[in-house]
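Accompanying notes for the structure given below.
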Amino acid sequence: MYNEDIFQRPIRRMLPQFVLLLSEPSKAVRNSVIHLLGLMDPGDLTWAVDLCHDSIIHQLRSPDVRTRIGSVHILTELAGTNKLSHMIQAFIPDVLSCINTSDEEQRLSVIHIFQELLKHEIFYPIVDQSLAQIILLLADDDWNVQNEIVDFLSSMAIEGCCSV
Numbered sequence: 001m002y003n004e005d006i007f008q009r010p011i012r013r014m015l016p017q018f019v020l021l022l023s024e025p026s027k028a029v030r031n032s033v034i035h036l037l038g039l040m041d042p043g044d045l046t047w048a049v050d051l052c053h054d055s056i057i058h059q060l061r062s063p064d065v066r067t068r069i070g071s072v073h074i075l076t077e078l079a080g081t082n083k084l085s086h087m088i089q090a091f092i093p094d095v096l097s098c099i100n101t102s103d104e105e106q107r108l109s110v111i112h113i114f115q116e117l118l119k120h121e122i123f124y125p126i127v128d129q130s131l132a133q134i135i136l137l138l139a140d141d142d143w144n145v146q147n148e149i150v151d152f153l154s155s156m157a158i159e160g161c162c163s164v
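The UniProt record's numbering numbers the first residue of the sequence shown as 1 and each following residue consecutively.
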């Protein structure tokens, strides 16, 4: 007989690094990490994501596009993971704060995160609560952002998931 905790302790310490691996461009790497995280205890996962919160938001605000895309990967993968979906609410105020930046790509990242949230019915209330701030992007100076937000709002209306 063995003590299970002896094997889980080193993995538990590495969980924050695993969460940050969700920023990898490779979908295969992200899928492997999601599978591994799916085997972990929900309490440990919550602890790991809490530790990574500031780092993920810092990445989302990065001037480097690849870094920002990595943080979008992290948040969208977390949104799709049943054990972690409850944690998305904690990221929403920080994600919404990126609407007011001068960086078009950063504003587009916000839209992409909310598009991913729309894929999961559990997040409809979060999207609905954030809608007033998201709609502000209709007045954006950049036409790419305007087009993305129109597509996003159209998909919401088609799905009938929120109060559009």
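Just so you know, even glycine gets a beta-carbon here, dropped at the ideal spot from N, CA and C.
Candidates the options, of which the one nearest residue i by Cα
i	options	result
Leu117	Val33, His73 and Gln146	His73
Leu36	Leu138, Arg12 and Glu105	Arg12
Val29	His53, His120 and Gly70	Gly70
Ala79	Ala132, Gln133, Asp141 and Gly38	Gly38
Asp41	Ser97, Ser32, Leu15 and Leu60	Leu15
Rounded C-alpha distance that separates residue i from residue j
i	j	result
Leu153	Val127	11 Å
Thr46	Ile56	14 Å
Val65	Ser23	12 Å
Thr81	Val150	27 Å
Asn144	Pro10	45 Å
Leu51	Leu20	10 Å
His86	Ala139	31 Å
Arg107	Gln146	10 Å
Ala157	Glu148	14 Å
His58	Phe91	12 Å
Tyr124	Ile113	13 Å
Asp103	Leu136	15 Å
Ile111	Pro63	17 Å
Ser26	Arg68	15 Å
Ile122	Asp141	32 Å
Ala48	Phe18	9 Å
Residue range of the unbroken alpha helix (DSSP H) whose run includes residue i
i	result
Asp54	Pro42 to Leu60
Ile126	Tyr124 to Ile135
His86	Unbroken run through His86: none, as it is neither H nor E.
His120	First-last for His120: undefined, no H or E at that position.
Glu77	Val65 to Gly80
Leu36	Lys27 to Gly38
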